[in-house]
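Asker: Residue numbers (my numbering): -18 to 50. Would you mind keeping the following structure in view while I ask a few things?
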């Protein structure tokens, strides 16, 4: 996905190498040069504690964001 294709308010599939153990869905709040600030909306139940520790927000690299099908 290209950074130009991200739309604020849209939900995407996301993955991160740290902080979250499983892929999750998130709503884009802000777009940066190579990443986006995402509100974590849907997680694996095992990641619920991680979501709370992050206050439901995380920065995700554009290479780890894909469209929801």
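Quick reminder that beta carbons are idealized off the backbone N, C-alpha and C, glycines included.
Hey, could you find the ends of the alpha helix (DSSP H) residue -6 is sitting in?
Answerer: Here residue -6 is taken as the residue at index 13 of the chain shown, counted from 1. That residue, residue -6, is in no alpha helix (DSSP H); its beta strand (DSSP E) goes -8 to -5.
Asker: If we ignore side chains and look at the alpha-carbon of each, how far apart do residue 18 and residue 29 end up?
Answerer: The sequence position of residue 18 within the chain shown is 37, counting from 1. The sequence position of residue 29 within the chain shown is 48, counting from 1. The alpha-carbon atoms of residue 18 and residue 29 are separated by roughly 18 Å.
Asker: I need the straight-line Cα distance from residue 44 to residue 38, nearest angstrom please.
Answerer: Numbered from 1 along the chain shown, position 63 holds the residue referred to as residue 44. Numbered from 1 along the chain shown, position 57 holds the residue referred to as residue 38. So the alpha carbons of these two residues sit roughly 18 Å apart.
Asker: Suppose only complete runs of 4+ residues qualify. What are the alpha helix (DSSP H) ranges in the region 5 to 46, listed by chain order?
Answerer: 29 to 34
Asker: Which same chain residues end up closer than 7 Å to residue 49 when comparing Cβ atoms and leaving out the 5 residues on each side of it in sequence?
Answerer: Here residue 49 refers to the residue found at position 68 of the chain shown. So the list reads -8, -7, -6 and 6, once near-sequence residues are dropped.
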